[in-house]
Structure formats: structure tokens, C-alpha cells
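Data first, discussion second: the structure below is written as C-alpha cells.
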Ligand code: HEM
Ligand SMILES: Nc1ncnc2c1ncn2[C@@H]1O[C@H](COP(=O)(O)OP(=O)(O)OP(=O)(O)O)[C@@H](O)[C@H]1O
Ligand SMILES: Nc1ncnc2c1ncn2[C@@H]1O[C@H](COP(=O)(O)OP(=O)(O)OP(=O)(O)O)[C@@H](O)[C@H]1O
Ligand SMILES: [Mg+2]
Ligand SMILES: [Mg+2]
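Written out as C-alpha cells, the structure is:
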């Protein structure tokens with residue numbers, strides 16, 4: 001299991017950096033927002049928590065299609081399925097590797113990008129907290145989507161289509177935490193919901209992902 | 001050349017629909033925006049032209065990585081390069097096919113999504129006009145990016161990183177047209193600039209793309 | 001000596017070996033000169049210039065901000081030129097010089113952005129505003145990142161040189177386009193009328209002379225760094241070639 | 001560990017391809033699966049390896065005993081030869097990858113990125129993985145594709161050594177490997193389509 | 001159309017692999033390229049097909065005369081066999097695909113999606129593309145991978161027919177095709193590394 | 001002899017600190033990589049010369 005995690009991390013670093021690039025996409029989406037909605041800083045301040053959450057979500061999403069597809073194409077997944085590792089462990093580790101290479105850097109970079117979008121002062125902490133709590137759910141849900149679409153020729157967009165509705169609850173509560181935090185409102189309720197979603201997803205979805213993957217390997 | 005175009009369109013329809021999916025992504029991004037920035041309709045009306053442009057751009061972007069990568073992986077690109085078609089023609093047709101399967105549906109769907117985001121009445125025409133003028137540039141620039149990264153293992157995110165800054169001028173002028181249109185301001189200047197960028201990109205970039213592709217095939 | 005003969009002598013330095021030998025000798029001079037100018041310029045600027053009547057002591061940031069901003073743009077220019085040389089004449093040293101310069105350009109851009117942001121907080125009351133000049137710097141930063149990422153992602157050095165050169169060319173055109181687009185999009189705060197430093201004649205000599213020294217320091221530092229780093233890239237390139245050969249020989 | 005198969009029927013893409021197949025693969029023995037293109041050899045091997053369920057019939061002794069090597073090798077182009085092998089060794093809990101490197105003459109290539117190998121070199125790396133699995137039954141689908149004569153000999157030696165240690169191998173191939181093995185021709189087991197009228201519960 | 005090659009040196013990944021290679025391929029003749037794994041056969045074929053520039057040397061008669069078939073077949077899994085072939089026929093301006101279907105016995109598979117073919121069936125489809133190119137020189141990299149005995153015979157017949165019509169073929173392979181062809185062993189042309197001291201402009 | 005920076009001391013000092021830090025880092029990283037490549041090149045060259 002550790003071998004698999006280490007390999008996936010190594011691959012992410014080698015392949016032009018799964019690390020840097022998810023981040024870069026986040027950065028770029030954030031930068032493009034003012035170009036499209038205009039530069040007024042009050043407007044930006046209003047939408048910034050939501051935009052940052054949406055950007056993080058899209059950055060996660062964009063890196064999902066390489067989560068399992070590469071292993072599928074070169075036959076590694078067949079071999080892993082016949083190896084003495086339960087598929088549940090395989091998908092959990094894949095999700096973990098995805099979070100480490102994508103979610104974690106996003107959490108760390110969010111405050112910097114908050115500056116670009118005039119995020120109000122009290123919002124920074126809440127933005128980071130909500131992302132740290134929410135991104136693991138994004139990775140686990142995304143792994144499920146990747147397992148669903150892995151056999152399809154370039155399921156990239158189909159993957160997005162399937163995963164985005166699943167991301168809605170996480171997004172709603174996550175963005176709500178960040179938004180309320182930014183205007184110094186109470187954030188307990190959405191925060192609890194967010195934590196609940198993440199805990200549930202992490203505990204249960206790997207079984208669904210493994211089942212789906214087994215079907216796709218047939 | 002027509003054979004290539006027809007094949008690419010056929011492939012797009014078969015492979016779970018390059019058609020439907022770019023669109024679906026556009027739809028979902030638009031739908032997620034109210035979830036992330038909150039539902040006040042005045043705020044949505046202000047940002048809607050920009051958000052629609054950004055959504056269209058991201059939908060384009062997301063479908064770029066299958067533009068050349070599939071043909072590269074299964075060896076078709078090698079064979080096309082040795083066929084009696086100049087590579088310049090090949091990349092132009094690829095860009096055209098991408099526009100027909102992605103850009104065109106986006107243009108047609110944008111007004112519907114405008115309703116969802118409270119786009120002000122006068123903005124609809126301008127939104128459609130600006131997208132119709134701007135999306136061809138997005139496809140051509142995207143083809144260049146795809147040609148640059150085609151040899152790389154899953155260049156997906158690198159592709160976004162390279163292409164997004166190139167999209168900036170198109171986005172600025174396009175969104176500006178839509179934004180000004182929505183508040184009934186004069187739109188001539190940005191419209192002209194947008195047209196200029198598109199014309200220039202369509203006329204010149206295929207040569208760069210072909211050159212780059214030739215290097216990548218070595 | 002005719003111009004073409006001179007040019008030919010210049011091309012001789014495109015031979016990696018000759019380049020290494022020559023820079024080996026020239027480098028100490030550049031290091032020392034850069035250090036000298038930087039120390040003199042910055043110390044002079046920081047300790048021995050008066051505060052501006054309007055901006056107070058923040059004016060001292062100019063000694064870092066302006067030189068780095070200038071370098072950030074000009075380094076991209078230099079990369080454009082060397083990329084063209086590679087595409088036309090295929091001298092490896094030229095491509096490698098572009099590669100060596102890019103990280104220096106990133107750091108310069110970062111310094112300009114950071115000092116600008118720090119300056120913006122007291123002057124404009126915000127770290128960041130979507131002012132055209134600031135914005136176009138951010139875009140430049142993205143171009144640098146993309147350029148470097150492309151170099152890193154491609155394994156075959158010649159392929160990488162070709163592709164990054166084309167990217168640099170196309171990117172330059174789009175960078176200029178963005179500059180106009182951004183100007184059109186937002187008129188901005190940077191150097192409003194209150195900051196008359198913009199026009200050369202309005203700058204008091206007390207600020208101007210140390211600023212010039214700092215600019216010279218930054219330029220010299222850049223030259224030293226690029227020569228040194230190009231040497232490093234040449235060696236790395238040769239290591240790669242030798243290792244590849246070793247393997248095939250095996 | 002004997003692999004026993006009886007009255008096996010298998011499907012591919014919802015169509016039965018082979019039926020009524022039975023054989024036993026005993027330790028120390030190799031079985032070469034032969035048959036024309038498209039008869040269902042790949043499907044058979046995938047079924048035995050547990051990657052897809054059989055339509056009917058019994059497979060015994062296939063639990064965690066099979067090392068499967070299909071058309072693609074599961075090699076990561078950005079990892080080196082050693083890194084690739086070490087990964088599989090750790091997954092399967094093998095101690096050392098040295099024997100695998102030796103058997104397929106990979107020592108010279110050890111530090112190369114797998115993406116830079118030629119077709120035959122890649123294949124050798126893919127086959128060497130079998131040695132680090134420690135599994136008794138090898139299940140190989142056209143293993144000698146792209147291999148030159150000396151590499152085919154290396155492969156045959158590796159199989160012989162494996163058989164000598166009480167392992168067994170099931171190999172689908174079109175060419176002669178120079179192995180001393182029984183032949184299983186699957187041609188006669190080609191599935192006969194059911195009666196059209198027989199439109200029953202499972203649409204086959 | 002004679003293909004003439006003289007004093008050719010080729011590189012792969014920035015390393016010279018073959019040097020001083022020379023041969024002539026006359027109409028009606030086939031040439032089989034042999035050599036151990038990793039010697040540079042694939043690289044040679046790609047260079048001759050114009051996919052990469054040679055390091056030095058001359059190649060004559062290779063302009064728009066070569067039909068190249070590499071390790072991968074350029075087959076689209078979501079198109080049917082006929083659609084795949086028709087596409088290439090239109091690109092190369094061929095009139096009919098029927099001869100190609102006949103030569104590789106693809107008529108029964110004509111309406112199948114190419115993604116559902118077995119390895120050997122896919123390969124047959126890939127080879128049939130050669131017949132619709134109408135190009136005189138075939139350049140084939142391990143064409144018989146995954147083919148069964150009868151399909152190899154089909155392939156040999158197709159090559160013979162092509163030679164009979166004044167075509168020619170250059171085939172890299174490790175196995176015996178039963179063709180009456182000259183052999184070009186590239187082993188002796190393995191590139192010798194340059195002097196270490198020779199640290200010149202092109203890093204080779 | 002620290003000059004009086006007034007209420008902007010934080011800004012000015014942090015600007016200088018950040019810039020100088022970045023510059024020094026750049027120089028150090030360059031030198032470090034330069035050294036490494038130099039050493040590695042001699043090693044590879046020697047190895048090749050020895051092995052012929
Ligand atoms: C992140 C923010 C900033 C960026 C990216 C930035 C960028 C630039 C650039 C590109 C130049 C051009 C140098 C030239 O063309 O001569 C410049 C010059 C200058 N900047 Fe900034 N700037 C930023 C923030 C600020 C702030 C906040 C101030 C002061 C309130 C400021 C004051 C100046 C001054 C005085 C010059 C010199 C003008 C001249 O001599 O031409 N900048 N800056
Ligand atoms: N997804 C699918 N749907 C329908 N039929 C399929 C599908 N995949 C494969 N087939 C068919 O199933 C049959 C068995 O295929 P299989 O790959 O097992 O053959 P094989 O014996 O390995 O052939 P080869 O020697 O060419 O590799 C073939 O006739 C093939 O066309
Ligand atoms: N990108 C690369 N960088 C460095 N070396 C490479 C690269 N790609 C291939 N090589 C090496 O170049 C040599 C020639 O490879 P090539 O694929 O031409 O061999 P081949 O004769 O076709 O072998 P095979 O019979 O195994 O297909 C091999 O030794 C290979 O390892
Ligand atoms: Mg098979
Ligand atoms: Mg080969």
C-alpha cells in the first residue's frame with residue numbers, strides 16, 4: 001500500500017508535476033475572473049469566497065481524469081486487480097495521492113489568491129478551513145467518478161458531467177462557510193455539514209469505487 | 001480534407017458526444033455559480049456576462065486535450081503526417097472540428113443559460129455575437145497548445161497552463177463586449193479588437209501549430 | 001573589420017566549449033561589479049536619500065521595484081531574441097541561454113510584484129488592484145511559468161528547445177496583445193497624477209542617481225547569473241548526452 | 001497448486017466465445033493455448049486470472065496463485081526500469097528484484113526511463129515482472145511479441161526455470177517457443193450460438 | 001521507384017544509433033531488416049518515412065512514395081472496420097476498399113466496431129490500410145505481431161502481390177515470413193560513439 | 001544609524017527583506033546547481049574515458 005502511494009506521488013512529480021499544475025490552473029482561473037466580470041474591487045470582494053471555492057473545485061476536477069485512466073491504459077490496473085491488494089485499498093490510496101498532489105496545494109495557495117480577489121480580511125481563515133475540510137471529499141468523490149468512467153475512450157468530459165452534481169453539496173456548504181466567514185457571520189452549521197459530508201464520503205465511497213472498478217475491468 | 005473533417009465529427013459524436021459534453025460542462029459551471037457566490041439576482045445579473053464567457057472558455061479548454069492526443073496515441077498522427085495532406089491543413093481541420101463540436105454548441109446554448117443567470121435583456125444579442133466571434137480564436141489557440149503538449153504523458157494540465165494566458169486578450173475583449181452590451185453601452189471598439197484577434201489567430205497560428213507538431217512527431 | 005566578420009566572430013561563442021572558456025574568465029568581473037553596484041545603490045538609496053514629501057519613506061522601495069520591473073520585461077525580450085537565434089541558426093548555447101534566463105525572469109517578476117504589493121498597501125490601501133500595469137505583470141508571470149513548465153516537461157532537449165522557442169515567440173505576440181487589452185479594460189491606479197516620478201525631468205536627482213546605480217546593479221547581476229547559469233545548462237546538456245551515449249554503448 | 005478447469009464457458013462483449021472447455025494444469029507443466037485470431041484466447045486468460053467472471057463452469061486453484069501478463073505491460077514510462085520492477089516487487093512482497101533483472105538481461109538498462117526503451121526492451125521488462133510476483137501459475141498472452149531471437153530464448157529459459165521450481169504456465173501464442181509443453185487447441189471449443197428461439201433470461 | 005539510401009546516420013533521443021547505412025530498394029524487391037532488440041530498426045523506418053530527420057546521409061526516392069505502418073495501427077475503436085478503411089482510402093485518394101477487405105479476409109468483420117476486434121483482427125485491419133494507400137514502397141515495423149499462421153500467410157501473399165505489381169517493401173521483423181527477400185542486418189552499422197574530447201556544437 | 005522610516009517602516013523593511021531574500025536565494029540555487037553539474041560532468045567524463 002505504501003509502495004503504491006509512493007509510486008503515485010513519484011509519478012505525479014515526474015510527469016511535469018501533478019503538484020504544480022493543479023495549482024497553476026487554480027491560479028489562472030482566479031486571474032481570469034476579473035477579466036471576465038470586470039475589475040471593480042467591491043464586486044470582486046463580494047464574489048471572491050465563492051469564486052475561490054469554484055476554482056479549487058475545477059482544479060480538482062481537471063486532474064481527475066488522470067487519476068485512474070493512465071493505469072488503465074498501460075494495463076497496470078489489470079495487474080493491480082490480480083495483485084494481493086484489495087481494490088478498496090487501491091482506490092483509497094489513489095484518492096489520497098490525488099488529495100496530496102492537488103487538494104493540499106490548493107488549500108495552501110488559496111490565501112494568496114484571496115489577496116488577488118480582494119477577499120475581506122476575516123475570510124482568510126474560513127476559506128482555508130473550509131477548503132481543508134472539503135477537498136478530501138472532492139478527491140474521494142472524484143475517484144468514484146474516475147472509476148465509473150475509466151473504460152471509456154477519453155471519458156474526460158463525461159467524468160466532469162457525472163462528478164459535478166456529486167460535488168454540489170460539498171460546494172454549497174464549503175462556499176457557505178467561506179462566504180459567511182468573509183462577512184463575519186456564524187459558520188457552525190455549514191461547517192458541521194461539510195465535515196459530515198467529508199467523513200461520510202471518505203468512509204463509504206471507496207467501496208462503491210472498488211465495486212464499479214471491478215465491473216469496468218471485466 | 002473533407003474526409004478528415006467528417007471522421008473527426010463522427011468520432012466526436014460516437015465517443016459519448018464531444019457535442020453534448022462540452023455543453024454539459026458549460027451548463028454545470030453556470031449552475032454552480034449561484035451555489036458558490038450566493039443567489040441574489042442583482043449580483044448575478046452583474047456578473048452573468050462575465051461568468052458565461054468564462055464558462056464557455058473553460059468548456060473549450062477542457063475538451064482540448066483530446067483534440068490531438070487520441071490521434072497521437074493510436075498512431076493516426078504518424079500516418080497522417082506521412083499522408084498526402086499538409087500538416088497545416090490537418091491542424092486547421094482539427095481546429096475547425098473542435099469549433100463545430102464545442103464552440104458552436106456553446107454559442108447556441110449561451111442565451112438559455114443567460115436566462116438562468118439573470119442576464120439583462122439587451123445583453124443576449126451581444127453575448128451571442130461575442131461568443132460567435134471569439135470561440136473560433138479559442139479553438140485555434142487551443143489547437144496550438146494541444147500541438148505543443150501532444151507528446152507528453154497526460155499534458156492536460158500543462159496544456160491549460162500554456163493556453164490560458166494566450167486566451168486572455170480574447171477573453172477580455174469578448175467579455176467586455178458582452179458586459180457593455182448588457183448595460184447598453186457602445187461595443188464597437190472591443191468588437192473590432194475581438195474580430196481582429198480572431199482573424200489574426202485563424203490566419204497565422206496554424207503554421208505555428210504545424211511546425212510544433214512536426215517537432216513533436218520526430 | 002567588416003560587420004559580417006565581426007558577427008562571425010560572435011557566432012564562434014555559440015560553440016559550447018568556447019563559451020565556457022570565455023565566460024569562465026569574464027564571470028568574476030561581472031559578479032564583483034554586480035555586487036558593488038547593488039550594495040552601493042541600495043545602501044545609498046536606503047540610508048542616504050530623503051523621504052518623499054507625499055509618499056514618506058515608502059519611496060525607498062523604488063530602488064528595488066523599478067529595476068526589477070525593468071528586468072522582468074527585458075529578460076523576456078532577451079529570451080525572445082535567443083529563441084529566434086536558436087530557431088534560425090540552431091546554436092545550442094542560444095537555446096540554453098533562454099532556458100537559463102527564465103528563472104531569473106521569474107524572480108524579477110516576483111520581486112516587482114511583491115514590492116509593488118507592499119508599496120500598494122500604504123499608498124492605495126490595498127495589496128492588489130486590477131490596474132493594467134500590475135495585471136500585465138501577472139500575465140507575464142504566467143507566461144514565464146508556462147515557459148519553464150514546458151522546458152521541464154519535455155525530455156528530449158532539442159525538442160524542448162524547439163517547442164519553447166515557438167512558445168516564446170507566440171507568447172510574446174499575445175503578451176503584447178494582452179497589454180493593450182488590459183489597458184482598454186481598466187484605466188487603473190498605477191502612477192496616477194500624484195506620482196509625478198513618471199516623468200524623468202520631475203524626478204529629483206537625489207532619487208534618480210541611486211536609482212540608476214541600482215538599475216545598473218540589477219543588469220549586471222542578471223548578466224552574471226545568465227552567463228553562469230548558461231554554463232550550468234551546457235554542462236547539464238552534455239551530461240545528458242554522455243549518459244545517453246553510455247547507455248547505448250552498453 | 002493445480003489449476004483445474006471444467007466445462008468452462010466464457011463470453012466477450014456479451015457474446016459467448018468458448019464453451020465446454022476443460023483441462024488441468026499441474027505444477028511443473030506448461031500448456032500452450034493455440035487457436036486462430038479472434039477465437040477467444042485473450043478472453044480465456046482474463047477469465048482464469050479473475051478479471052472477468054465465466055459464464056458457466058468451474059475454475060479451481062486460481063485464487064491468488066496467478067500472475068497475469070497481458071498485451072500491455074503495465075509499465076510507467078516516467079519511472080526507471082528499477083523503479084518499475086521494485087514497485088511490483090513491493091506490491092507482491094518479493095525480496096529482491098535482482099534475479100528478475102538477471103533473467104531478462106536488464107542490468108544494463110536498469111537506470112533508464114522505461115519510456116525510452118525500444119519495443120522489445122519494454123517487453124522484457126514486462127516479462128521480468130513475473131519473477132517478482134512469486135506466484136506459481138504464469139498466465140501469458142502472446143509474451144514474445146517484439147522479442148528478438150535471443151530474448152525469446154531468455155524467456156524460454158525463464159519459463160523452464162519456473163517449471164523446474166514447481167511452477168506452471170499457461171501461454172497463448174502463435175509462434176513456437178521451443179518449450180516442451182502440451183498444446184491446448186481451443187479451436188474445437190468455439191461456442192455454438194444458441195437456438196434463436198431460445199430467447200431466455202440472459203440474452204445470450 | 002527505387003529507394004536509395006547512402007551513408008545514412010540516424011539518432012534517437014539525441015543519441016546516434018545507426019551510422020554509415022546504405023542500400024537500394026528496387027521495384028519488385030523486398031528487404032527484411034534484422035537486428036537485435038534496441039538496435040534502431042524502428043528509428044530507421046521512421047526516418048525513411050520522413051517522420052524524423054536523419055543526422056546525415058542521403059535518402060532518395062522517399063517523397064510521397066512510402067506507406068508506413070508502425071507498432072500502432074491508427075485504428076479508431078469507435079468506427080467500424082469499413083469506416084476506418086474508407087477514411088484512409090479517401091485521404092490517399094483510393095477508389096475502392098474491396099481489394100483490401102478481401103486480401104485480409106475482413107469481409108465478415110466489416111461492420112464491427114474496431115474496438116471490439118481481437119488483437120490479431122485489429123492487426124489485419126491495420127495492414128489492410130497499406131492496400132488503399134496506393135503507395136509503391138511499404139515500410140513495415142513488425143507487421144506480423146499477434147497474427148496467427150493463416151493470417152501471416154495472407155500477409156505474405158499481399159506482399160508478394162504488391163511486389164508483383166512493381167511495388168517494394170522494407171520489413172523489420174524478428175520472425176521468418178516465408179518471403180523471398182534479401183536480408184539487411186543492421187547490427188554491423190551500430191553507431192560508434194564519438195571521441196569524448198570532441199565537445200562540439202551539437203552535443204552528440 | 002538606521003534612518004527614520006516613520007510609519008511606513010514595516011512596508012519598506014519588508015520590501016527590502018523580501019527582495020533581498022529572493023535575490024540571494026536565486027544566486028545560491030544557481031551556484032549550488034552549477035557546482036553539482038560541474039562535479040557530475042567530470043565524474044561522467046572520467047568514467048567514460050576509463051571505460052573507453
Ligand atoms: C504589484 C504591484 C505592482 C507592479 C506589478 C508594478 C509594476 C511596475 C512596472 C512594470 C513599472 C515599470 C517600470 C518602468 O516602465 O519604468 C513600475 C514602475 C513604478 N511603479 Fe510600480 N508596480 C506595482 C505597484 C506599485 C505601487 C503600489 C507603487 C506606488 C504607489 C508603484 C510605483 C511605481 C513607480 C513610482 C514606478 C516608477 C515609474 C517610472 O519611473 O517609470 N508601483 N511598476
Ligand atoms: N467488446 C467486444 N464486444 C464484442 N465482441 C468482442 C469484444 N471484444 C472482443 N470481441 C470478440 O471476441 C472474440 C475473442 O477475442 P479475443 O481477444 O479473446 O481473441 P484472441 O483469441 O485473443 O485473438 P488474437 O489471437 O487475435 O489475440 C473475437 O472474435 C473478438 O472479435
Ligand atoms: N526517447 C529516447 N531517448 C533515448 N533513447 C531512446 C529513446 N527511444 C528509444 N531509445 C533507444 O534507441 C534505441 C533504438 O530504438 P528502436 O526502437 O529503434 O529499436 P528497435 O531496433 O526497433 O528495437 P525493437 O526490436 O525492440 O523494436 C534503443 O536502444 C532504445 O532504447
Ligand atoms: Mg489475444
Ligand atoms: Mg522496434
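Chains as they are written, first to last, in full-length UniProt numbering: chain R, 1 to 218; chain D, 1 to 218; chain P, 1 to 250; chain Y, 1 to 204; chain V, 1 to 204; chain W, 1 to 52. Beta carbons: idealized from backbone N, C-alpha and C, even for Gly.
For the beta strand (DSSP E) containing residue i, list its first residue and its last residue.
{"i": "residue 19(Y)", "result": "15 to 25"}
{"i": "residue 170(V)", "result": "168 to 172"}
{"i": "residue 146(Y)", "result": "Counting along the chain, residue 146(Y) falls outside any beta strand (DSSP E), and DSSP gives it neither H nor E."}
{"i": "residue 185(V)", "result": "182 to 185"}
Listing by chain order, which chain D residues have their CB less than 8 Å from the CB of residue i?
{"i": "residue 178(P)", "result": "165, 168, 169 and 172"}
What residue range does the alpha helix (DSSP H) around residue i cover?
{"i": "residue 16(W)", "result": "9 to 51"}
{"i": "residue 129(V)", "result": "119 to 133"}
{"i": "residue 8(V)", "result": "Per DSSP, residue 8(V) belongs to no alpha helix (DSSP H); it is in the beta strand (DSSP E), 3 to 12."}
{"i": "residue 60(V)", "result": "Element bounds for residue 60(V): not the alpha helix (DSSP H) but the beta strand (DSSP E), 56 to 60."}
{"i": "residue 41(V)", "result": "41 to 48"}
{"i": "residue 144(P)", "result": "132 to 153"}
Pick out whichever of the options has its Cα sitting closest to the Cα of residue i.
{"i": "residue 79(Y)", "options": "114(Y), 166(Y) and 43(Y)", "result": "114(Y)"}
{"i": "residue 25(R)", "options": "157(D), 179(D) and 209(D)", "result": "157(D)"}
{"i": "residue 43(D)", "options": "199(D), 73(D) and 117(D)", "result": "117(D)"}
{"i": "residue 176(V)", "options": "31(V), 27(V), 15(V) and 20(V)", "result": "31(V)"}
{"i": "residue 29(P)", "options": "236(P), 227(P), 238(P) and 246(P)", "result": "227(P)"}
{"i": "residue 192(Y)", "options": "1(Y), 5(Y), 6(Y) and 18(Y)", "result": "18(Y)"}
{"i": "residue 5(V)", "options": "86(V), 56(V) and 150(V)", "result": "56(V)"}
{"i": "residue 82(Y)", "options": "53(Y), 129(Y), 62(Y) and 13(Y)", "result": "129(Y)"}
{"i": "residue 8(W)", "options": "182(P), 141(P) and 120(P)", "result": "120(P)"}
Can you list the residues of chain P that residue i reaches, using a CB-CB cut of under 8 Å?
{"i": "residue 216(D)", "result": "159 and 163"}
Since residue i meets chain D, which of its residues come closer than 7 Å, beta carbon to beta carbon?
{"i": "residue 139(P)", "result": "165 and 168"}
{"i": "residue 50(R)", "result": "36, 37 and 38"}
Using the beta-carbon of each residue, which ones in chain R are nearer than 8 Å to residue i?
{"i": "residue 126(P)", "result": "41 and 118"}
Which residue or residues does DSSP assign as beta-bridge partners of residue i?
{"i": "residue 193(R)", "result": "BP columns for residue 193(R) are empty, so no partner."}
{"i": "residue 67(V)", "result": "138(V)"}
{"i": "residue 30(Y)", "result": "169(Y)"}
{"i": "residue 190(Y)", "result": "18(Y)"}
{"i": "residue 113(Y)", "result": "80(Y)"}
Give the residues of chain Y in contact with residue i, contact being defined as C-beta atoms less than 9 Å apart.
{"i": "residue 65(R)", "result": "The contacting residues do not exist; residue 65(R) stays about 17 Å from chain Y at best."}
Given that residue i touches chain D, what residues does it touch there, using C-beta distances under 9 Å?
{"i": "residue 142(P)", "result": "161, 164, 165 and 168"}
At a CB-CB cut-off below 7 Å, which residues of chain R make contact with residue i?
{"i": "residue 145(P)", "result": "24"}
Chain P partners of residue i, CB-CB under 7 Å?
{"i": "residue 34(R)", "result": "130"}
At a CB-CB cut-off below 7 Å, which residues of chain Y make contact with residue i?
{"i": "residue 75(R)", "result": "70, 72, 73 and 74"}
Could you tell me which chain V residues have their CB closer than 8 Å to the CB of residue i, listed as they occur along the chain?
{"i": "residue 156(P)", "result": "13 and 14"}
Quick test of the definition: if touching needs 3 or more C-beta pairs under 8 Å, does the region 131 to 143 of chain V touch the region 167 to 182 of chain V? yes
Okay, do the region 65 to 77 of chain P and the region 211 to 220 of chain P touch, 3+ Cβ pairs below 8 Å being the bar? yes
If we count Cβ pairs, one from each stretch, closer than 8 Å, do we get three or more for the region 180 to 190 of chain R versus the region 68 to 85 of chain R? no
Are three or more beta carbon pairs between the region 168 to 182 of chain D and the region 127 to 144 of chain D nearer than 8 Å? yes
Under 8 Å: do the region 152 to 170 of chain V and the region 26 to 45 of chain V share three or more Cβ pairs, one atom per stretch? yes
Using 8 Å as the Cβ pair cut-off and three pairs as the minimum, do the region 59 to 66 of chain D and the region 57 to 72 of chain V touch? no
Okay, do the region 105 to 120 of chain P and the region 129 to 145 of chain P touch, 3+ Cβ pairs below 8 Å being the bar? yes
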